[in-house]
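Just below is one structure, and these are the notes that go with it.
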Amino acid sequence: MLPNRFPTLFLFLCSLTLLSYGGWRFFNPQVIIQWSTASEVDTLGFSIYRAEDPGGPFTYIVNEELIPAEGELVSGADYQTLDRNVISGTTYYYQLHEIQIDGEKETFGPITITAKRSGLLEIILSLILIPGILSTMKINIPRKTEEN
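Residues in the sequence shown are numbered consecutively from 1038, following my numbering.
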């Protein structure tokens, strides 16, 4: 466990403390990208970029407008956006970009989601429990069909 002084020091060194960043694929081909912050300093907003290759280029912007920041130094916020422009069977890679007031940006990800029609609800979640360490978990939930 980290000493109590590290989280406070970390808040002052970084403009954003990201708690989680993940995506959900539903039965029809669409993807929800969701993230949570623990704190935000000088954050103007967020954009989600998408590519069809893990190395990019990340050129497609999922959200048409900048998603405005809602968090503060001592309290973060929860966010989500929907990507409806996906093709079944295609794997997409998503990056979260934090845009700061001074124009600087910080990039998180990518996370990977394959859009397809299936009998599963797939949840891919990346968690940052310790600053700088990203853990990923994938859960598949079977959907009841006429055969079940």
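Every residue, glycine too, gets a C-beta built ideally from N, C-alpha and C.
From a predicted model like this one, the values you see are computed outputs, not experimental measurements.
THR1149 has its alpha-carbon roughly 15 Å from the corresponding atom of LEU1119. With 16 or more other Cβ atoms inside 10 Å of its own Cβ, PRO1147 counts as buried.
If you draw a straight line from the Cα of GLN1117 to the Cα of ASN1100, it is about 10 Å long. Under the three-state reduction of DSSP, ASP1120 is assigned to strand. If you compare the alpha carbons of TYR1129, ASP1139 and ILE1136 with that of GLN1067, the shortest gap goes to TYR1129.
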